[in-house]
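If you read the sequence shown in the numbering used here, its first letter stands for residue 26, the second for the next number, and so on.
A virtual CB, placed ideally from N, CA and C, is assigned to each residue, including glycine.
Treat the numbers as computed from the prediction; the structure is a model and nothing was measured.
Here the structure is laid out as structure tokens; the discussion comes afterwards.
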Amino acid sequence: MSYTQHEEDRRMFMSRWGFALRDKVAFLYCTDDHYHYLLSQADEGYQLGLTSLSERQEMVTRALGAYSWHVEHNITRETNWCMGCYYHVLVDGQVAGTLGVEGHYYDLKRNLLGNIQNGRPPTLHLWVSRFDQVLAGYVDGLRVMCDGNELFQLREIIPTDAGGKRWPYSGG
């Protein structure tokens, strides 16, 4: 194998591993499996001579840091609204709309009704015209409150593409 081919393989391996480390959906819904995937890829890169021992150790450390953050995030999202997750918006127990990963609030016909703005506390703003929004309420856990009364409930939904094979970065 020529030096240039080895460097190309190394660059490709490190890029794929970096993309895998930043895959939020895999960490969100397959946390343990994705962490083990990252560790096995770091080991494989070392065994193939694509990374040095110190690089492998750095990769393992970065994977552990991302894993621990996502485990903590998964615990938080069971009781609180989190940016990056999908939710059904419930009114009296019936689905009235959805919240996307950026906090956009849609009705069942996919019309944009408003959005949640991340803050302390997060706030729900509804569109009253094309350019104007009005404050509808504050997000408290998995509820949207307006004047002390519950306006909406939020229930997390898992997207259909969250399962199955999450690692397209492996292979040649």
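Beta-carbon proximity of residue i to residue j, cut-off 8 Å
| i | j | result |
| --- | --- | --- |
| L64 | F38 | no |
| G162 | L149 | yes |
| I182 | H129 | no |
Buried or exposed (CB count within 10 angstroms, at least 16 for buried), residue i
| i | result |
| --- | --- |
| V120 | exposed |
| Q66 | buried |
| G144 | exposed |
| G70 | buried |
| C107 | buried |
Proximity winner among the options, relative to residue i (alpha-carbon distances)
| i | options | result |
| --- | --- | --- |
| V96 | L133, D58, V85 | D58 |
| V116 | W106, V164, V169 | V169 |
| G118 | G43, R36, F177 | F177 |
| R47 | T185, E32, R87 | R87 |
| R155 | N136, V164, G144 | N136 |
| H61 | S27, V85, K134 | V85 |
| P184 | G144, G109, R35 | G109 |
| Y131 | G144, P147, L151 | L151 |
| V164 | R102, L73, G43, L133 | R102 |
| L167 | Q158, T29, Q82, P146 | P146 |
| W42 | Q30, G173, R81 | R81 |
| H31 | L73, D157, T104, D68 | L73 |
| T56 | N105, I100, G173 | I100 |
Contacting residues, own chain, Cβ-Cβ under 7 Å from residue i (five flanking each side not counted)
| i | result |
| --- | --- |
| L160 | T148, H150 |
Close beta carbons around residue i, own chain, < 8 Å, minus the five adjacent residues each side
| i | result |
| --- | --- |
| E33 | none |
| E175 | R168, V169 |
Close-in-space but distant-in-sequence residues of the same chain around residue i (CB under 6 Å, 5 per side omitted)
| i | result |
| --- | --- |
| H98 | none |
Touch test, the region 137-149 against the region 109-128, Cβ-Cβ under 8 Å, three pairs minimum: yes
Inter-stretch contact at 8 Å, needing at least 3 Cβ pairs: the region 45-52 / the region 84-100: yes
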